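For the sequence shown, the residue numbers in this note's numbering are 1 to 415. Heads up, the beta-carbon is just placed ideally off N, CA and C, and yes, glycines get one too. This one's a predicted model, so the numbers in the text were calculated from it and none came from an experiment. Structure record follows, encoded as structure tokens.
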Amino acid sequence: MAQFDVRQKLEILADAAKYDASCASSGAPRRTSRDGKGIGSTGPGMGICHAYAPDGRCISLLKILLTNSCIFDCHYCINRKSSNVRRARFTAQEVVELTLAFYKRNYVEGLFLSSGIIKSSDYTMEQIVEVARSLRQNHGFRGYVHLKTIPDADPDLVRQAGLYADRVSINVELPTIAGLARLAPDKSAPRIEGAMAGMKNAIIDTADAKKRYKSAPRFAPAGQSTQMIVGADAATDGDIIARASGLYGQFGLRRVYYSAFSPIPDASSVLPLQRPPLMREHRLYQSDWLMRFYDYRPDEVVAAADPATGMLPLDIDPKLAWALKFRERFPADINRAPRELLLRVPGLGTKAVAAVLAARRWRRLRLDDVARLTQSIAKVRPFIVTDDWRPTGMIDRLDLKSVAAPKAKQLELFG
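Quick look at the structure:
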């Protein structure tokens, strides 16, 4: 491995970290150093890697790898053992010093740390834990820390990561076991799921202890997350949605991240020659949102996909695709329909539905009232009935998709 100074290492290892999508800080408790104790906080600010919390807060993180050297040879990874890339490695102390220096310059509010596997999984995990331990114990750092853990490492080391990190993540890598075996032969689906189960149990046990004993330690208060690569194998959108739903239910994940496969230099011959459309990644995030916040069952989301290919449509969002497929459920009476049906109206978000339910307790709602709650009343109108509006015949129009899905609005969530 060539010798580089810290600046050169930062250039190499920050660039290598860009392939990891699971960099977020949602769910972290707010900490502050205004009491004069410790360094850092989890309040909003400017920085290098911008992650967004559900309430819209922008969190800036120093996002780097400990090293891009790796003893594994995963076909889809640019840092795999057989890849021809510049290799660099930080020491644990260098990462600590960088994090503190970047924070003191108001560049970041925290750290996202991942790594290739060097020497062994246990050795690498020890180095990752040492970074977080030193920040917390030696320097009183109270900023956000997200650690990418290694499922092959000793369970006690993985557990230690949860004692110092706000969030931990263990990547399942690929949606199917067959895909993982083919493209990441050094990794094991049972070991990955075993590590996720152990983390879930530790989070639950510590949360329970915290209720009974104030002195109980914090443990990954922002939970755990994972990431799946989309388009590197033959998994369909239906496969991915089913897998994500299972992960949420089985391991209590806070987030599943989807990362569109990107062709890499000197790529393995078993990989696709082209990346999937980025819109596919976007549609999967929308589907994930439907399951997490709109009460859709996985089979309902999959029902929006093409039954022949298992793929979601790219030209319209999955909520609209579902509504067009099940037109008999509409129009929904804004003044009488249950929350479940209102959440399925294209163009109505969760906040809009909550506002409708609150307002209709006191008065009958008209189309203008609904228009004030949505960004596109044209998208909503064919699917609702109000006191002064009834979409006579619109729900059966052959061109309803073009009426409800203006092209300029397709990158919005559902509003």
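Nearest-angstrom Cα distance between residue 141 and residue 159?
-> 20 Å
Separation of residue 388 from residue 400, as counted between CA atoms | 21 Å
Using the Cα positions of residue 252 and residue 241, report the straight-line distance between them to the nearest angstrom.
-> 16 Å
Based on Cα-Cα distance, which residue from 149, 162, 93 lies nearest to residue 134?
-> 93
CB-CB length for residue 380 against residue 347, believed under 8 Å = 4 Å
Could you check if residue 405 is buried or exposed, using at least 16 other CB atoms within 10 Å of its CB as the buried criterion?
-> buried
Answer yes or no: do residue 461 and residue 321 have a C-beta to C-beta separation smaller than 8 Å?
-> Absent from the structure is residue 461, since the part of the chain shown begins at 1 and ends at 415.
Could you name the residues that DSSP lists as bridge partners for residue 389?
-> 386
In chain order, what residues of the same chain lie with their CB nearer than 8 Å to the CB of residue 391, ignoring the 5 residues before and after it?
-> 331, 381, 382, 383, 384, 385
According to DSSP, what are the bridge partners of residue 4?
-> According to DSSP, residue 4 bridges with nothing at all.
Quick one: grab the DSSP three-state call for residue 117.
-> coil
Can you grab the Cα-Cα spacing for the pair residue 212 / residue 166, in whole Å?
-> 21 Å
Member of 200, 277, 95, 302 whose CA lies at the smallest distance from the CA of residue 249 | 200
According to the neighbour-count rule (16 or more other Cβ atoms, all chains shown, within 10 Å of its Cβ), is residue 342 buried or exposed?
-> buried
Sequence-distant residues of its chain with Cβ nearer than 8 Å to residue 169 (five each side left out) | 22, 146, 147, 148, 149, 224, 225, 226, 227
Quick one: Cα of residue 247 to Cα of residue 318, how far?
-> 20 Å
Host beta strand (DSSP E) of residue 255 (start-end) | 255–260
For residue 95, which residues does DSSP report across the bridge?
-> Bridge partners of residue 95: none, in fact.
Looking at the structure shown, is residue 281 part of a helix, part of a strand, or coil, going by DSSP?
-> helix
Does DSSP put residue 60 in a helix, in a strand, or in coil?
-> strand
Hey, how far is the Cα of residue 187 from the Cα of residue 8?
-> 30 Å
Report yes or no: is there a C-beta of chain D within less than 8 Å of the C-beta of residue 333?
-> Protein chain content of the structure displayed is limited to a single chain, and chain D is not contained in it.
Same chain, Cβ closer than 7 Å to residue 305, neighbours up to 5 away in sequence not counted = 237, 238, 311, 312
Pull up the distance between the alpha-carbon of residue 155 and that of residue 172, whole angstroms please.
-> 17 Å
Within its chain, find whatever has a CB closer than 7 Å to the CB of residue 47; leave out the 5 residues flanking it on each side and keep chain order.
-> Because the pLDDT at residue 47 is just 33, under 50, the model does not fix this residue reliably, and the value given afterwards should be weighed accordingly. These residues qualify, in order along the chain: 60, 61, 107, 108, 109.
Below 6 Å CB to CB, which residues in the same chain sit around residue 270 once its five sequence neighbours on both sides are set aside?
-> 75
Whole-angstrom C-beta distance between residue 115 and residue 67, which should lie under 8 Å = 6 Å
Can residue 216 and residue 209 be called in contact, C-beta distance under 8 Å?
-> yes
Leaving out the 5 sequence neighbours to the left and right, which residues in its chain are closer than 8 Å to residue 263 when beta-carbon positions are compared?
-> 271, 272, 273, 274, 275
Might you give, ordered along the chain, the residues of its own chain that have their beta carbon closer than 7 Å to the beta carbon of residue 192, omitting 5 neighbours on each side?
-> 151, 170, 172
Just grab the DSSP bridge partners of residue 228 for me.
-> 173, 258
Inter-residue Cα distance where the pair is residue 377 and residue 371 = 5 Å
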